[in-house]
Amino acid sequence: MLGPVETRSVSPVFVGRAEELGTLHDALARACAGEPQALLIGGEAGVGKTRLVEEFATAARHRGAVVALGGCVEIGADGLPFAPFSTALRALRRELPGELAAAAAGQEEELARLLPELGESRAGRHDEDGMARLFELTARLLERVAAEHTVVLALEDLHWADASTRHLLTYLVRTLRTGRLVVLATYRSDDIHRRHPLRPLLAELDRLRTIRRLELARFNRDEVGRQVAGILAHEPDPDRVDAIFQRSDGNAFFVEELAVAVHEGCRTGLTDSLRDLLLVRVEGLPEPAQQVARFVAEGGSTVEYRLLAAVARLTEDDLIEALRAAVNAGILAPAPGGDGYRFRHSLVREAVSDDLLPGERSRLNRRYAEALETDPALVPADQRATRLASYWYHAHDAAKALPAVLEASVEARRRHAYSEQLRLLERAMELWDSAPEAVRGTLRPVDYTEVYPPCGCDPATTALRHLDLLAEAAVAGRLCGERERALKITKRALRLLEDEDDPLRTAWFWIQRSRLVQRLARGDGWQEIATAQELVRGLPPSEVHAEVLATVAHWSMLREPGAEALTAAERAVEYARMVGADEIESNARLTLGGLMVEAGQTEAGLAHMYEVRDEVVARGLAAVVGRSHVNLPSTLEGIGRSEEAVTILREGLRLTSRMGLTEAEGWVRGNLAESLISLGRWDEAAEAAVSAQRQGQTAAPYGSGAGSLAFLALARGQVSEAARHLAEARASYGPHDPMPQHDLPISCLTIAVAAAEDRLADARAELARTLESGFPLGTQRYAWPLLLRAATAEADARALPAAREGREQVLGGILCAVKRLTTHVPVWLAHEQWVRAELHRAEGRSTPDTWSDVVTAFETLGRPYDLARVRYRLAESLLTGSGDDERDRATELLRLAHSVARHLGAAPLADAATALARRARLPLAPVTGPGPASADPADALRLTTRERDVLRLVAAGHTNRRIAEELFISPKTASVHVSNILGKLGVSGRGEAAAVAHRLGLFPAETLLPGSAR
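At position 510 of the sequence shown the residue is numbered 534 (our numbering), and the sequence of numbers has no breaks.
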C-alpha cells in the first residue's frame, strides 16, 4: 500500500460556497426532523461540485449522519447499470449492517439485483412491473433504514448515469415521503447538450416541488485569491492572482492547475489551451508513470490495483513507483475504499484519453479484456460482464465482443436494467454480421435469451438467430418504456418472418406488437391479437399458443366477454398446463374464473380464482399475486359481495405493499374505494380513492379513483366537484381503447351530473349513445346503476313540461334494456326491481307495494345508502294514502333514511327526507314525554322489545336465518328488524351494530351465545 502522499494542488482551505453549504445544512436539518430532502447540484466540470459534497459529508458525519457515496461509473462510453446505487448501498451496509439486513428482510431476492451481497436474485418471467417493483422496494429499504438514522445518499457524476439509474433516482425523488434521508446528486451542466439523456430528467425534476437545485458558479477574483493562497500556503502576488483568475475564468480546478504550474515555474498563459496545460503536467511525469496514467484513463472511472497490474505488465516495484509519482503529482488518487486508482479529476482523464491514438486505444482495451478473461476476479462480480463487453467492443474484436455483449445483456436483464439490456442487444445486432459464422454458430438461445418460448426446438442445441435478439430487444424496449423503439423492432422482425414458415414466432411478435400498440395509445390491440390467433389456429399445444389464447381471453373479458372468450380461456388453461407454462396458466385461470362468474357459474368461477390466489401467494409469483388481488375482489363486488371483497382487498394492500407492487396497489385501492362505497363507509372510500390516484402509475387506477370521488361528491350534493372529478376520470381513460368497465361508469356519472345540473336533454343524449352501443354480456354491474340513474332522472323530471316530449321513447328504451340484462345474483335482482319502480314513478303509477318489494330486496344486501334511498321512496309512496298506519310506517322509514343520510353526509337525501317529513307534518325525531330518563341505554336508542332481542342475537354473531329460528319469526321479518336497528343506531353494518351493543353494555356476556358470523 502507498504511504501518505502530498497533493499540493488541493487547497486545505474551503473557499466560498457559503450559501450553497447553508442550503445543504438546512436540508440536513429538515431530514433530521423526518422530512426527506432531495437536491441536485449542477456546475461545469472543475467548478467544485465534488469538493462541496465532501465538505458537506464531513459536516454531516460530525452531526451523526451516515453518508453513503456512490458515483456513476463510465467505461468508455458506457455506464454500469445502477452503479451509484449499488456502491452507495454497499457503503450503507458497511455502516449499518444490522439495520440494512432488517430493512431488506423478506425481499432479499429482489433487492439482490442492486446489491448482490444480499443473495441470489429470483429467476422467472419478466413483466412490466418488474422494474417498478425493484424501485419501490429500494425506496422502502431506504425509508426503513432512515427511520432510525439520518442518511445522506450522495450520487456523483449523474451525467454518466445509465438510464436505469436515472429512472430509479426519479422514482425516489417522486415517492419518498418519510424518513431522515437526504438524496443529492451532482452533474456537469456544461455536458448537458440538447440531446443528452439527462436533459429530460432535469426538466422533469424541475417541475417537482420536492427537489432543490443548486447551480455552482465560478469563483470571483477574491475567492480565487484565497484558493491560491491556500494552495501555496502563503499570500500570492496580486499580479499572479490576476493572471490566474483571467486564465482560469474562476474555474476552481483550473485555478489549482495554474497555481501549481506557477509554483513549479511554468509560464501560465502561454500554452495553447488549458487542456494542453493538463497534458503538460502529465508529460512531466516519468515515462512509466505516463504509461500507467494512459492505462488508467482507458480503464474506466476507477481501475482496481490488481487489474492495473495485470494490464501494465510492470514489475510490482516499478508499478508502485509509477503510481507514487502520479499520485504525488496530483494526477491520480487512491479510489475510495483503497482498492484502486482514479484520476484526481475527470478532466485530466478525459484529456489523457483524448490524446490516445486510435490503435493505441484499441490495444489498451484488448489488454484489459484479456486480463479480465484470464482472471475474472480482478473486478467486482456485478461489474464483470459489462466491463468485459465494453473492453472487447472498444478493442474492435467482433468475434470476442459479440458473446461478451450478449452476456452483459443477460446480466442487465437479471438486474431489471432493461434500458441497458436494450442498448447492449442493439450493439450485439450491430456486431452480428461482423462476427465470424463459426462464432455465431456456437451461441445458444438457452444462454442468452429467454423471452421467446422454445417451441419446436431445443434452445440448448439450436444456434442463436438474429430473430432471437430482435425478440429480446422488443421485450426489453417495452419493459424500459422505449416503446417506439420496440415497435420498430417488431416491425423489422415481422418483415423478416414474411419469408419464413414460422407461424409460432410470427404470432409471438404480433402479441408483442399488440401490447405496444395499447401502451402507446394507438388502438385497442385487437387487430394484432386476431392476426396471432389466426396464425396458431389448428397448431398443436405450445407455450406461444397458450399465451395467444390467454391474451385473447383477457382482451375479450375486458371488452367483449362472452362464449368465445370463455372458450379461449379454457383452452389457454389446458394448453398452458400441457406445456408447463405455470404463469400463463395462473393468469388464464384468473381470467376463466371471472368469465365463469359473468356467465352465471358463480361459485365454480370464484373457486378457480380463490385457488389461483392461494397458489401464487404461496409461490411468490409477484405479477399474478397483484392481479389476483385485483380481479377476485372486483368480481366479488360485481356480484354484491362487498364485505368479502374488502377482506381480500385489505390483504391485497398488505401483499402489494410488501412486494413493492406499486401499480397493483393502485388498482387495489381503486377497487377498495368502490366496495367501501357500497358498504356505506364513505370516508374510508374517499381516502382509498385519493390513494389510488396517487399510487397508480397508469391511467386506470387514477380514473377509478376519480370516478369514486365523483360519486361521493354527487351523493353529498357537491355537483361542481363531481363534475370536476368526472372530467378527470374521462381524460384519464382517453378514447383510444374503450372498455365497458371504464366507459359505462363514466356514462353513468355523466347522466347523473347532467340530471343534477337540470340538463335533462344532455342526460338523455348520453343514455341514447349508451343504449345504441348496448351492454355486452357480463357488464350488468355497470349497466344497472346506469339505467337506474337514467330512470331516476326521468322520474324526478316528471312534473316538468319540457320533459314530456320524448319521455315515452326514453322510458321504452330503458325498459327494453332491462329485459335484456341478466340478473342472476340478488344485488342485480334488487336493482332490476328498483329500476322498474323508478319507471313506474316516471309514468305516475308508483305504488307502496312496488316500493315495499324493492325495500325488502335491499334489506339483506348490506348497502345502506341504496337502502336509505328506496326507503325514502317507499315513505313518499305511502304518504299518498291517508291511513294512520301508512303515516306511522312512513315516519319510521323517513327516520331511518334520514339517519343513514346524515351518517354518510348524503345531504341531498337528508334534505329530501326532512322536506318530505315537513310537508307531511311528520316528526323525524321521536317524541319523548316528560319524566325521569331511563337508565337502560336501549330505551335511549328507541329500541322496541323485539328489536332488543334481535340486536342481542346480532351481537352474538347470528345470521338472519338463525335469528328467525331463535325468535320464531320469518327470515324476512328478521331482516326488517335488523335494518331498523341499523338505522336507529346510525351505523352501516351488523359488525358496527354489535360493537355499539358491546360498548354500551346492553347485554350481559352470558346472554350472548356463540354463532356464525354472516
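Positions of the beta carbon are idealized from the N, C-alpha and C atoms, including for glycine.
Please read all numbers here as calculations on a predicted model, not as lab measurements.
Where residue i falls, given that 16 or more other Cβ within 10 Å makes a residue buried
i, result
"V37", "exposed"
"R828", "exposed"
"H258", "exposed"
"Q551", "exposed"
"R805", "buried"
"P60", "buried"
"H86", "exposed"
"V304", "exposed"
"P1049", "Given a span of 25 to 1038 for the chain in the structure shown, any question on residue 1049 remains unanswerable."
"S923", "buried"
"G802", "buried"
"A631", "exposed"
"G46", "exposed"
"P427", "buried"
Residue i and residue j closer than 8 Å at C-beta
i, j, result
"W852", "V878", "no"
"A712", "L700", "yes"
"R330", "L396", "no"
"A276", "G72", "yes"
"F269", "R245", "yes"
"L381", "L430", "no"
"V654", "L696", "no"
"D761", "Q407", "no"
"L521", "R509", "no"
"A866", "R895", "no"
"V641", "L679", "yes"
"R201", "G58", "no"
Beta-bridge pairing of residue i - partner residues as DSSP gives them
i, result
"T659", "T659 is not bridged to any residue."
"Y195", "DSSP lists no partner for Y195."
"P358", "Y365"
"E180", "G95"
"E281", "BP columns for E281 are empty, so no partner."
"Y211", "G66"
"V175", "V90, L205"
As assigned by DSSP and simplified to three states, the class of residue i
i, result
"E567", "helix"
"I65", "strand"
"F243", "coil"
"R678", "helix"
"T74", "helix"
"I235", "strand"
"E328", "strand"
"N1004", "helix"
"H150", "coil"
"A469", "Residue 469 is actually Pro in this sequence, not Ala. Note: P469 maps to helix in three-state DSSP."
"V39", "coil"
"F735", "helix"
"G684", "coil"
"G704", "coil"
"M633", "helix"
"P800", "coil"
Minimum Cβ-Cβ distance from residue i to chain C less than 8 Å
i, result
"S666", "Among the chains in the structure shown there is no chain C, since it carries only a single protein chain."
Counting beta carbon pairs with one atom in the segment 513-526 and one in the segment 157-166, are three or more of them shorter than 8 Å?
no
Decide if the segment 939-950 is in contact with the segment 984-991; the criterion is three or more beta carbon pairs, one per stretch, under 8 Å apart.
no
Any chance the segment 36-53 sits against the segment 178-187, with 3 or more Cβ pairs inside 8 Å?
no
Any contact of the segment 87-96 with the segment 255-274, i.e. 3+ C-beta pairs under 8 Å?
no
Please determine if the segment 837-856 and the segment 806-824 are in contact, where contact requires at least 3 C-beta pairs separated by less than 8 Å.
yes
Is there contact here, the segment 632-645 with the segment 601-620, by at least three beta-carbon pairs under 8 Å?
yes
Count the CB pairs spanning the segment 383-391 and the segment 350-361 that are closer than 8 Å, and state whether there are at least three.
no
Between the segment 441-457 and the segment 485-497, do three or more beta carbon pairs fall short of 8 Å?
yes
Is there contact here, the segment 782-792 with the segment 558-573, by at least three beta-carbon pairs under 8 Å?
no
Taking 8 Å as the threshold, find out whether the segment 128-147 comes into contact with the segment 201-219 through three or more Cβ pairs.
no
Would you check if there are 3 or more beta carbon pairs closer than 8 Å linking the segment 833-843 to the segment 812-825?
yes
Just checking, does the segment 920-937 make contact with the segment 729-742 on the three C-beta pairs under 8 Å criterion?
yes
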